[in-house]
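Peer 1: Protein chains in written order, with the working numbering: chain D, 9 to 148; chain X, 543 to 692.
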Amino acid sequence: MSVRFQDLDDTKLPPPRVVGPLTRTDFVRYQGASGDMNPIHHDEEFAKKAGYPAPLAVGMFQAGVLNAWATDWLGPDNVRRTRMRWKEQVWPGDVLTFTGKIARKYEEDGVGKVDLELVCTRQTGGVAVQVWMTFVVPAR
Amino acid sequence: MADFSSMGAEGAEFDLFVEHGKVREFARATHASHPSHFRGDPQSPPATFLTTILFWQELTDGANPWSKVKLDPERGMHAEQEYVFYGPPPAAGARLRCRSRIESVYEKAGRRGGKLTFAVMVTEFRDADGKLVAEARLTGVETEKPPSES
Chain D
9 MSVRFQDLDD TKLPPPRVVG PLTRTDFVRY QGASGDMNPI HHDEEFAKKA GYPAPLAVGM
69 FQAGVLNAWA TDWLGPDNVR RTRMRWKEQV WPGDVLTFTG KIARKYEEDG VGKVDLELVC
129 TRQTGGVAVQ VWMTFVVPAR
Chain X
543 MADFSSMGAE GAEFDLFVEH GKVREFARAT HASHPSHFRG DPQSPPATFL TTILFWQELT
603 DGANPWSKVK LDPERGMHAE QEYVFYGPPP AAGARLRCRS RIESVYEKAG RRGGKLTFAV
663 MVTEFRDADG KLVAEARLTG VETEKPPSES
């Protein structure tokens, strides 16, 4: 079942996704999947030597989960642009909330499109990552 | 200290095969649950899947021009990442020809004083016909102090 252009509005957003408390296993699973094996994300001693209290999450992990909130809703084949910017670091034990809203709904070259603004927040209320996405949305 | 002469440096072309198992593994690791990641024919990748070029770029000598920028790893961070798709993101089974180049290296004053150095690397992804199907834009930043002290 896919979302239709005429049905898109802010009252019909999917619920926020809550993930956590995060574990080192979450970080390692993402590292294996992505190929970023930087030890600062799983090696306790390495992270502490670099001045961090614990291994920190790979930024692309929380950005990837935030992207997935949107592609689960509007379909992974429909994404045409995604841009992500990191703000605060994410740590083991964090509980993250992933959500978003419609920034603009429009037609371009006869194709329905929607721009989304997404945000991942930590349990402290601090923003970990922001994402801006554009999807094509079929009218059928 | 960043090397500003790296601007314009271009890496060697390399292959990326979008693999079915890798698409499933990546979807699971990022909590992506759309059925097309798992049972699609062909399987659709998550929106950030092209970050897996990390596995492919290292297989080809000279494919990654990022090291030429020489950002200090102790003070360097991933600041922004962008993916643009000129159609549905390339699905499992696709063979992509990829090439990275350093688009820009520049300095900016930080909000709390101090200098920030930014570098941008663009990677183009082309299909078997040479058509541009996706672009990645990676922005790295180097702070004057270690990130943990900022």
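Where a beta carbon is used, it is the ideal one built from N, C-alpha and C, also for glycine.
Use the C-beta contact count for residue 646 of chain X: other C-beta atoms within 10 angstroms, 16 or more gives buried, fewer gives exposed.
Peer 2: Exposed: under 16 other Cβ atoms inside 10 Å.
Peer 1: Say whether chain D places a C-beta atom closer than 8 Å to the C-beta of residue 584 of chain X.
Peer 2: Closer than 8 Å: no.
Peer 1: Alpha carbon to alpha carbon, what distance is there between residue 19 of chain D and residue 122 of chain D?
Peer 2: Taking the straight line joining both Cα atoms gives about 15 Å.
Peer 1: What do you reckon, are the CB atoms on residue 32 of chain D and residue 146 of chain D nearer than 8 Å?
Peer 2: Taking 8 Å as the Cβ cut-off, residue 32 of chain D and residue 146 of chain D do not qualify as a contacting pair.
Peer 1: Name the residues in the stretch 563-581 of chain X whose C-beta lies less than 9 Å from a C-beta of chain D; which are they?
Peer 2: For the stretch 563-581 of chain X, which is checked against every Cβ of chain D, the residues closer than 9 Å are 564, 567, 568, 569, 570, 571, 572, 573, 574, 575, 576, 578 and 579.
Peer 1: Output the distance between the C-alpha atoms of residue 617 of chain X and residue 657 of chain X, rounded to the nearest integer angstrom.
Peer 2: Approximately 12 Å, taken between the alpha carbons.
Peer 1: Which word fits residue 130 of chain D, buried or exposed, when buried means at least 16 other C-beta atoms lie within 10 angstroms of its C-beta?
Peer 2: Per the 10 Å Cβ criterion, buried.
Peer 1: The alpha helix (DSSP H) with residue 138 of chain D in it runs from where to where?
Peer 2: Careful: residue 138 of chain D lies outside any alpha helix (DSSP H), inside the beta strand (DSSP E) at 135-144.
Peer 1: Could you tell me whether the Cβ atoms of residue 134 of chain D and residue 576 of chain X are closer together than 8 Å?
Peer 2: Contact flag unset, no.
Peer 1: Compute the beta-carbon to beta-carbon distance between residue 585 of chain X and residue 620 of chain X, rounded to the nearest angstrom, for a pair I have assumed lies under 8 Å.
Peer 2: That belief does not hold up - the Cβ atoms of residue 585 of chain X and residue 620 of chain X are roughly 27 Å apart, past 8 Å.
Peer 1: If the criterion is Cβ atoms closer than 8 Å, does the pair residue 612 of chain X and residue 551 of chain X meet it?
Peer 2: No, they are not a contact pair.
Peer 1: Just to make sure I have the definition right: I need the residues of chain D whose C-beta is within less than 7 Å of the C-beta of residue 630 of chain X. Which are they?
Peer 2: Those within 7 Å of residue 630 of chain X in chain D are 85.
Peer 1: What I want to know is whether the C-beta of residue 79 of chain D ends up closer than 7 Å to one or more non-hydrogen atoms of the ligand NAP.
Peer 2: Looking for the ligand NAP in the displayed structure turns up nothing, as the structure carries no ligands at all.
Peer 1: Which bits of chain X does residue 37 of chain D rub up against, with CB to CB less than 8 Å?
Peer 2: Residues of chain X passing the Cβ test: 570 and 571.
Peer 1: Cutting at 8 Å between CB atoms, please list the residues of its own chain near residue 691 of chain X, excluding the five before and the five after it.
Peer 2: Below a pLDDT of 50, predicted positions are generally treated as unreliable, and residue 691 of chain X, at 46, falls in that range; the measurement from the model is reported next regardless. Excluding residues within five positions, none has a Cβ falling inside 8 Å.
Peer 1: Distance check for residue 54 of chain D and residue 672 of chain X, CA to CA, integer angstroms please.
Peer 2: If I take the Cα positions, the gap works out to 43 Å.
Peer 1: I'd like to know if residue 67 of chain D contacts chain C, where contact means its C-beta is closer than 8 Å to some C-beta of that chain.
Peer 2: Here chain C cannot be found, since the structure's protein chains are D and X.
Peer 1: How close, in whole Å, do the beta carbons of residue 638 of chain X and residue 560 of chain X come, if the pair is a contact with beta carbons under 8 Å?
Peer 2: Indeed, because the Cβ distance is near 7 Å, the residues count as touching under 8 Å.
Peer 1: Per DSSP, what kind of secondary structure is residue 693 of chain X in: helix, strand or coil?
Peer 2: Residue 693 of chain X lies beyond the residue range present for chain X, which begins at 543 and ends at 692; the question has no answer from this structure.
Peer 1: Can you confirm whether the stretch 93-112 of chain D touches the stretch 60-78 of chain D when touching is taken to mean that 3 or more C-beta pairs between the two stretches lie within less than 8 Å?
Peer 2: Because the criterion of three Cβ pairs below 8 Å is met, the stretch 60-78 of chain D and the stretch 93-112 of chain D touch.
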